[in-house]
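Heads up: the structure comes next, in structure tokens.
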Amino acid sequence: MDVLLTGLAAIADPMVLLMTVTGLVIGIVIGAIPGLNVPLAVAIALPITFSLTPVAGLAMLVGIYKGGTYGGSLSAILINVPGTPAAVATAADGSALTRQGKAGKALKMSLYASVIGELISDLALILFCVPIASLALKFGPTEMFALGIFALTLVGVLSEGNMVKGLIAGTVGLLLANFGVDPLSGQFRLTFGVRELSGGWAFIALVIGIFAVSEALAMAQQSLTTAKWGGVSLWSRENRIERAEWRQCAPAIGRSSLIGVLIGTIPGLGSAVAAFLSYGLGRTLSRDPDAFGNGALDGLASAESGNNAVTGTTFVPLLTLGVPGDVITAIMLGAFMVHGLIPGPALFQQNGDFIVAFFALMLLATALHFVIGLAGMSAFIQVTRVSKGVLFPIILLLAITGVYVTTNNVFDVYVMLGFGVLGYFMKVFGFPIAPLLIGFILSPLIEIGFRQAMIVSRGSYDIFFTRPIAAGFLGLALIVSLAVAWREWRRPAAPIEREI
Amino acid sequence: MPKFRTMLRTVAAAAMVFGLAEAGAAQDYPSKPIQMIVTWNAGGSTDVLARLLAEPLGKELGVPVAVVNRAGGGGSLGTMAVLDAPKDGYTVLATSSGNHVLTPLKNDVGYTYDDFIPIGQLVAASILLVVREDSPWQTLDDLVADVKANPGKYNFGAVPSVMPHLTLQGLVDNAGLDLVLIPQQGGAPGATALLNGTIDLMPANAATVASNLKGGTMRGLAVFSEERDPAFPDIPTAAEQGYEVYGSPFVGLAVAKGTPDEAVETLSAALEAVANDPAFQEQVLKTASAITYLPAEEFGKVWARDWNNFKPMLQK
Chain W
1 MDVLLTGLAA IADPMVLLMT VTGLVIGIVI GAIPGLNVPL AVAIALPITF SLTPVAGLAM
61 LVGIYKGGTY GGSLSAILIN VPGTPAAVAT AADGSALTRQ GKAGKALKMS LYASVIGELI
121 SDLALILFCV PIASLALKFG PTEMFALGIF ALTLVGVLSE GNMVKGLIAG TVGLLLANFG
181 VDPLSGQFRL TFGVRELSGG WAFIALVIGI FAVSEALAMA QQSLTTAKWG GVSLWSRENR
241 IERAEWRQCA PAIGRSSLIG VLIGTIPGLG SAVAAFLSYG LGRTLSRDPD AFGNGALDGL
301 ASAESGNNAV TGTTFVPLLT LGVPGDVITA IMLGAFMVHG LIPGPALFQQ NGDFIVAFFA
361 LMLLATALHF VIGLAGMSAF IQVTRVSKGV LFPIILLLAI TGVYVTTNNV FDVYVMLGFG
421 VLGYFMKVFG FPIAPLLIGF ILSPLIEIGF RQAMIVSRGS YDIFFTRPIA AGFLGLALIV
481 SLAVAWREWR RPAAPIEREI
Chain H
501 MPKFRTMLRT VAAAAMVFGL AEAGAAQDYP SKPIQMIVTW NAGGSTDVLA RLLAEPLGKE
561 LGVPVAVVNR AGGGGSLGTM AVLDAPKDGY TVLATSSGNH VLTPLKNDVG YTYDDFIPIG
621 QLVAASILLV VREDSPWQTL DDLVADVKAN PGKYNFGAVP SVMPHLTLQG LVDNAGLDLV
681 LIPQQGGAPG ATALLNGTID LMPANAATVA SNLKGGTMRG LAVFSEERDP AFPDIPTAAE
741 QGYEVYGSPF VGLAVAKGTP DEAVETLSAA LEAVANDPAF QEQVLKTASA ITYLPAEEFG
801 KVWARDWNNF KPMLQK
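For the protein sequence lines, the chains are W and H, in the order given. The letter at position 201 of the first sequence is residue 201 when you use the numbering used here, and the numbering goes up by one with no holes. The number in the numbering used here is simply the position in the second sequence, starting from 1, with 500 added.
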């Protein structure tokens with residue numbers, strides 16, 4: 001009881017409140033601006049937190065983390081440019097809703113789904129932290145490979161009706177990820193002697209180029225007068241979320257939150273993988289799968305609850321094992337250490353009051369996220385009042401600055417422009433973009449998992465069938481592939497060209 | 501009135517000429533913000549150290565020091581960026597074993613350690629040999645005996661060709677072991693692999709596994725330094741246990757060759773002052789490791805020593 005009281009007293013500090021709010025605002029803004037990335041914001045904030053109390057310092061970092069994971073959806077919805085990799089799956093439906101004049105509805109659902117996902121994830125962390133910690137250690141290289149292959153079948157799911165072009169885009173994504181340093185030997189590969197390519201294609205340049213720059217190029221073709229969007233009122237009739245829509249989205253949110261909770265627990269996967277898995281599963285289970293990519297509210301809800309549901313349970317491996325699950329929690333580990341808080345089993349015994357404070361902080365941050373998100377929405381929706389002719393030059397400028405600030409490399413700005421041209425032609429010829437990014441994100445997971453597993457098994461393929469979790473995912477992958485192939489086979493001719 | 505204007509113009513011109521002359525004079529270094537290039541991503545151990553250093557170093561120099569991350573290519577992109585920048589002392593390299601010695605030995609990146617002037621070493625990190633807390637091995641001898649009895653059975657994890665890997669390779673050669681490397685993507689993924697049983701042992705930077713060691717999920721069998729690490733006084737050195745194997749990655753500051761002497765001296769003096777400040781030492785101790793400051797000349801000797809030490813391993 002004492003532990004509970006001292007822990008909660010630490011949260012009642014106004015400084016904690018201030019830092020959470022500051023962190024959330026910074027996170028949402030950084031997340032929403034294409035090009036600026038959240039890990040960099042956390043790294044810059046880290047030294048500042050050293051002079052604060054542990055809880056106040058972590059409040060700021062947690063705020064940036066939660067806000068940043070959500071912030072990417074704002075630009076994805078409003079301008080079809082995902083601010084973070086995790087928001088890529090949100091872009092298709094979000095931007096379609098905006099084009100239909102329902103930006104307010106999309107923004108609201110994104111916030112609600114994100115906050116619900118976060119809340120479920122926080123509760124999973126608080127209630128089941130120790131029991132689900134063992135899950136974090138169930139995923140070795142073999143399981144990572146199998147999960148990667150399963151997730152890759154999403155390329156097929158999302159390409160239904162446009163299968164050949166979708167698979168080509170997915171393959172290009174897989175190939176693009178192979179440039180740079182060989183992840184196992186450390187040798188340069190596919191760099192063609194170009195020094196700048198030794199880092200591979202910068203993900204940030206790829207995403208911003210293929211979404212933002214291509215959009216700006218497409219804009220240049222349209223006459224500026226027809227490109228005006230007109231403002232959208234957040235609280236107008238057509239932007240209200242109806243009861244029927246809630247009924248449609250609620251199962252998607254619940255299911256995706258669960259996926260996010262599980263993905264968050266496993267180190268090394270991250271919110272983008274959770275978003276894609278949730279979105280793909282949402283489409284498979286949807287009664288109207290062809291609506292996905294054309295403004296499906298449940299598609300948006302799936303992606304957004306999926307990626308934000310990672311933010312709570314990602315602390316499970318950190319707190320129980322001292323293993324950070326991604327770059328952001330790796331930086332936060334530094335904040336724990338500097339205050340003498342050593343993650344691991346002992347933390348729960350010796351620093352019970354801190355654990356209580358940290359759990360309370362997670363809930364506080366989620367609640368404040370909702371409040372700040374509501375306020376921010378009214379501000380961000382004003383973007384729809386700006387005519388596209390003005391908006392896209394500004395986005396282009398932001399993108400160039402953002403990519404340069406993040407990588408400090410002019411080469412990556414050119415790479416971004418190059419991918420912009422690629423994205424433009426993909427749009428013109430009807431190639432979907434999401435499969436390319438899925439391939440790019442999953443490629444290292446699959447390659448590293450496969451090669452590590454083959455070393456562990458000393459060259460025997462049996463390992464993929466004798467380990468139950470791996471075999472299970474590979475079986476699921478087979479089933480999904482066959483189901484997609486069957487549906488595609490039976491699909492009537494004259495496919496509908498969709499932009500994903 | 502016109503007379504006044506002429507006068508203003510003259511004054512302005514004079515001020516400009518004077519100002520330019522001032523900026524050109526080396527004794528006024530530094531007169532503008534300094535860039536400190538980190539060749540790794542934000543949040544890594546070198547980056548955290550550089551960010552901790554930036555503020556007090558800036559105070560000491562009287563101008564702001566800004567940390568800039570130029571990651572990629574095993575640290576070679578950021579290192580080359582320092583060589584490409586004007587050699588005026590306003591671009592400083594936060595350099596580490598990886599980008600300074602190992603990457604140029606491994607790949608043709610267009611520079612060697614000798615293209616730089618040392619400013620000073622800040623940290624020489626400890627490399628620890630760690631196992632899971634439930635591992636049967638209590639000492640290095642236990643491990644060596646078991647591995648010798650079961651050649652090719654046990655896996656170790658490390659990022660290929662970086663300091664922890666090369667150090668363990670030294671032990672493998674020294675003791676005649678047969679271990680299988682499962683290449684890892686970084687310290688944290690390596691720690692996960694150790695805890696989930698993919699690998700049986702791991703050489704790691706002390707900072708990477710500090711939370712696991714103090715939290716009780718891992719046990720350290722040896723440290724590959726000449727002295728025990730003050731943060732882990734219970735972990736004996738490899739040499740104490742009869743294995744003369746050493747490995748210790750450095751982090752320090754350097755500038756490109758051709759930088760004026762005045763700038764090098766000013767930077768060296770400022771770094772020495774910061775490194776000897778107890779408040780700074782305490783802060784670094786909490787996050788990374790103990791400050792092991794070496795003045796410029798000594799730091800340069802470390803470069804040459806490591807270069808010659810690892811050359812035969814990496815340039816096959």
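Built from N, CA and C at the ideal position, the CB exists for glycine as well. Keep in mind that this is a model prediction, so the values were computed, not measured.
query                                                                                                                                 : result
Neighbour-count burial assignment, Tyr65(W), 16 or more Cβ in a 10 Å radius                                                           : buried
Contact set between the stretch 441-469 of chain W and chain B, restricted to residues whose Cβ is under 7 angstroms from the partner : Looking for chain B here will not work: the only protein chains present are W and H.
Chain H contact residues for Gly268(W), given Cβ-Cβ distances below 9 angstroms                                                       : Gln685, Ala688, Pro689, Thr692
Cβ separation of Glu447(W) and Pro267(W), assumed to be a contact under 8 angstroms, to the nearest whole Å                           : Actually they are not in contact, since the Cβ atoms of Glu447(W) and Pro267(W) sit about 18 angstroms apart, beyond 8 angstroms.
Three-state secondary structure assigned by DSSP to Ala12(W)                                                                          : coil
Sequence ranges, alpha helix (DSSP H) only - wholly within the stretch 320-357 of chain W, length at least 4                          : 327-338, 345-350
Within chain W, partners of Ile534(H) - CB distance below 7 angstroms                                                                 : By Cβ distance, chain W contributes nothing, its closest Cβ being about 15 angstroms from Ile534(H), past 7 angstroms.
Cα-Cα separation between Tyr590(H) and Ala775(H), rounded to whole angstroms                                                          : 20 angstroms
Minimum C-alpha distance to Ser198(W) - residue among Ala738(H), Ala779(H), Met580(H)                                                 : Met580(H)
Straight-line gap, Leu553(H) to Trp803(H) (C-alpha atoms, nearest Å)                                                                  : 21 angstroms
Cβ-based burial, Arg247(W) [other Cβ within 10 Å; buried from 16]                                                                     : exposed
Where Val480(W) falls: helix, strand or coil (DSSP)                                                                                   : helix
Interface positions of the stretch 180-200 of chain W facing chain H (Cβ-Cβ less than 8 angstroms), listed along the chain            : Gly180, Val181, Pro183, Leu184, Ser185, Gly186, Gln187, Phe188, Arg195, Glu196, Ser198, Gly199, Gly200
Candidates Met377(W), Phe292(W), Ser236(W), Val327(W), of which the one nearest Pro432(W) by Cα                                       : Phe292(W)
Buried versus exposed call for Pro343(W) [16 or more other C-beta atoms within 10 Å across all chains shown]                          : buried
Contact check, Gly513(W) vs Gly334(W), beta carbons under 7 angstroms                                                                 : This structure leaves residue 513(W) out entirely; chain W is present only between 1 and 500.
CB of Val745(H) within 7 angstroms of CB of Gly657(H), strictly                                                                       : no
Contact residues within the stretch 36-59 of chain W, judged by C-beta distance below 8 angstroms to chain H                          : Pro39, Leu40, Val42, Ala43, Ile44, Leu46, Pro47, Phe50
Sequence-distant residues of its chain with Cβ nearer than 8 angstroms to Ala691(H) (five each side left out)                         : Met702, Ala704, Thr708, Val709, Asn712, Met718
Which of helix, strand or coil DSSP assigns to Ser789(H)                                                                              : coil
Nearest-angstrom Cα separation, counted from Val115(W) out to Arg99(W)                                                                : 25 angstroms
Residues near Ile253(W) by beta carbon distance below 6 angstroms, same chain, minus five either side                                 : Ala113, Ile116, Ala301, Ser305
C-alpha distance - Thr226(W) paired with Gly72(W), whole-angstrom precision                                                           : Its pLDDT being 46, under 50, Thr226(W) is placed unreliably in this model, and the coordinates cannot settle the point.
Separation of Glu633(H) from Thr384(W), as counted between CA atoms                                                                   : 57 angstroms
Alpha-carbon spacing of Val390(W) relative to Pro82(W), whole angstroms                                                               : 19 angstroms
Separation of Asp290(W) from Pro492(W), as counted between CA atoms                                                                   : 13 angstroms
Under 8 angstroms by beta carbon: chain W residues contacting Met813(H)                                                               : Residues of chain W passing the Cβ test: none, with the nearest at roughly 13 angstroms.
Burial state of Leu513(W), where buried means 16 or more other Cβ atoms lie within 10 Å                                               : Any question about residue 513(W) goes unanswered here, given that chain W covers just 1 to 500.
Cα-Cα separation, Asn409(W) to Ala485(W)                                                                                              : 43 angstroms
Residue span of the beta strand (DSSP E) that contains Pro683(H), given as start and end                                              : 680-683
Alpha carbon of Asp547(H) to alpha carbon of Ala571(H), nearest angstrom                                                              : 10 angstroms
Inter-stretch contact at 8 angstroms, needing at least 3 Cβ pairs: the stretch 319-330 of chain W / the stretch 681-698 of chain H    : yes
Residue-level contact to chain W via CB, Ala542(H), 7 angstroms cutoff                                                                : yes
Chain W contact for Leu577(H) (CB, 7 angstroms cutoff)                                                                                : yes
Bounding residues of the beta strand (DSSP E) (the contiguous stretch that carries Ser596(H))                                         : 591-596
Below-7 angstroms beta-carbon distance, Arg632(H) vs any chain W residue                                                              : no
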